[in-house]
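Peer 1: Before anything else, here's the structure in question.
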Amino acid sequence: MRTVVVYYSMLGNTDYAVKKIAQKLGADILRIEPEKAYPDKGFKKFFWGGKSAVMGDTPALMPYSFESESYDRIIFGTPVWAGTFAPPIKTFITENKDKIKGKKISLLACSSGGGADKLAGKIKNLIEATEIEATLHLIDPKDRPNEENDRKIDEFCSLLT
Ligand SMILES: Cc1cc2nc3c(=O)[nH]c(=O)nc-3n(C[C@H](O)[C@H](O)[C@H](O)COP(=O)(O)O)c2cc1C
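Just so we're aligned, residue 1055 is where the sequence shown starts under the numbering used here, counting upward by one.
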């Protein structure tokens, strides 16, 4: 199974977990970035990112290359923003709907608490996928590294090998 991890990370937690997962699975990675970066400090960070997620924005992305025919599986990696996936992920899915159709889909969500419960369902609806193969929810894995997170990453990867 050829796998790519498509992800967005503002503060490095999703990036941290994606790199571990990609290494374990031998997967490729595609990090997407909005053309206009969200503020990443203080109150503005929560205000603008949260507002954008709640409004269902699809911010323009920096140029990327997605060779979909090379992959059977896509793992989406996203921080949880206001209980949903980060807007750049929405843009990517919207721009690549046809290319994503028929692939196996898994999900990595990083949050600082809860908020990830409905994420798999939301991604599934957006992609119009029949199922999500595996879901991994981690609490700030870079800022709060612990054995429990490592165990969960192993478990997730073992479902995908
Ligand atoms: C705009 C914004 C909204 C957030 N909303 C939530 C939330 O609803 N629930 C939660 O538990 N954490 C929330 N967080 C915290 C992040 O999901 C969490 O710190 C995550 O690990 C960050 O991933 P990153 O370092 O890859 O950007 C939010 C953070 C930001 C910046």
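Even glycine gets a Cβ: it sits at the ideal position worked out from N, Cα and C.
Under 8 Å between the Cβ atoms of L1065 and D1094?
Peer 2: Contact: yes.
Peer 1: Could you pull the DSSP bridge partners for P1133 from this structure?
Peer 2: Note: P1133 sits in a beta bridge opposite C1164.
Peer 1: In the structure shown, what three-state DSSP assignment does R1198 receive?
Peer 2: Coil.
Peer 1: Looking at C-beta atoms only, is the number of pairs between the region 1121–1130 and the region 1149–1160 that lie closer than 8 Å three or more?
Peer 2: Counting Cβ pairs under 8 Å, three or more are found: they touch.
Peer 1: For W1102, does the count of other Cβ atoms within 10 angstroms reach 16, so buried, or fall short, so exposed?
Peer 2: Its Cβ having fewer than 16 others within 10 Å, W1102 is exposed.
Peer 1: May I have the straight-line CA-CA distance separating P1133 from S1122, to the nearest angstrom?
Peer 2: If you take the alpha carbons of P1133 and S1122, they lie about 23 Å apart.
Peer 1: Around the Cβ of Y1062, are there at least 16 other Cβ atoms within 10 angstroms (buried) or fewer (exposed)?
Peer 2: Buried.
Peer 1: How would you call N1203, buried or exposed, if buried means at least 16 neighbouring beta carbons within 10 angstroms?
Peer 2: Buried: at least 16 other Cβ atoms inside 10 Å.
Peer 1: Looking only at DSSP bridge pairs, what is D1082 linked to?
Peer 2: Beta-bridge pairing links D1082 to V1058.
Peer 1: Residues in its own chain within less than 7 Å of A1170 by CB, not counting five upstream and five downstream?
Peer 2: Result list for A1170: V1134, A1163, H1191, in chain order.
Peer 1: Measure the beta-carbon distance from I1060 to A1081 and round it to whole angstroms, keeping in mind my assumption that it falls under 8 Å.
Peer 2: This sequence places Val at residue 1060; Ile is not what is there. Not really, about 10 Å apart at Cβ, beyond 8 Å.
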